[in-house]
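Quick note: our numbering has the sequence shown finishing at residue 178, numbered continuously throughout. A short worksheet on the structure shown next.
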Amino acid sequence: MPQQSEWNLRRLSEITLKPATWNPRTHPRPSIRYVDVSAVSNEELRIVSDATYPGTEAPGRARKIVFEGDTIFATVRPTLRRIAQVPISLHGELVSTAFSVLRPDQTQITPDFLFFATQTDTFMSGIAALETGASYPAVRDSDVLDQFIAVPSLNEQ
């Protein structure tokens, strides 16, 4: 008889790593590539554009550094599902503070499985219940990181 798969409920904060932030005053760059919320397609679930700025003219919200394989999850109007996985072409670049950057701890979860898990109806229902604000409903990074997902073994992922 085959052994049944065991999936464990894990809080995102337990299986992700804290991403770095960029401070243009202490870490100047000649230029940056930047992704804001409108650059993520909620139909294709991918980043469809980015903008390049001289480092000194970077938007004030360009603060979160992303790596290839990170999942970015828009915290403003989250039920619009502006969720994407960061491609290698944007490794080390910047996204808006309106994203929660989910960097998988690859000893526990693969980048692809994390990306998949944030798209599920169960996950989105938990997020929707936490939205605050009328004109621009939003959640906090901590709200996203407090969500639980069912995680199988790395081999099964």
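Built from N, CA and C at the ideal position, the CB exists for glycine as well. Here the structure is a predicted model, which is why all the values come from computation and not from measurement.
For the segment 65 to 142, the full-length alpha helix (DSSP H) segments reaching 4 residues or more read 132 to 138 along the chain. In the displayed model, VAL160 falls within coil according to three-state DSSP, outside both helix and strand. Per DSSP, LEU33 is not a residue of any beta strand (DSSP E); the alpha helix (DSSP H) it occupies stretches across 33 to 36. Looking at the DSSP output, ILE170 bridges to ARG31.
Around PRO75, the same chain offers SER52 as residues with beta carbons nearer than 6 Å, after the five sequence neighbours per side are excluded. The straight-line gap separating the alpha-carbon atoms of ASP167 and ASP126 is approximately 16 Å. Looking only at THR153, ASN29, ALA149 and ASP162, the smallest Cα-Cα distance to THR92 is reached by ASP162. ALA95 places its beta carbon 8 Å or farther from that of ILE68. By the C-beta density criterion, SER174 is exposed, having fewer than 16 other C-beta atoms within 10 angstroms.
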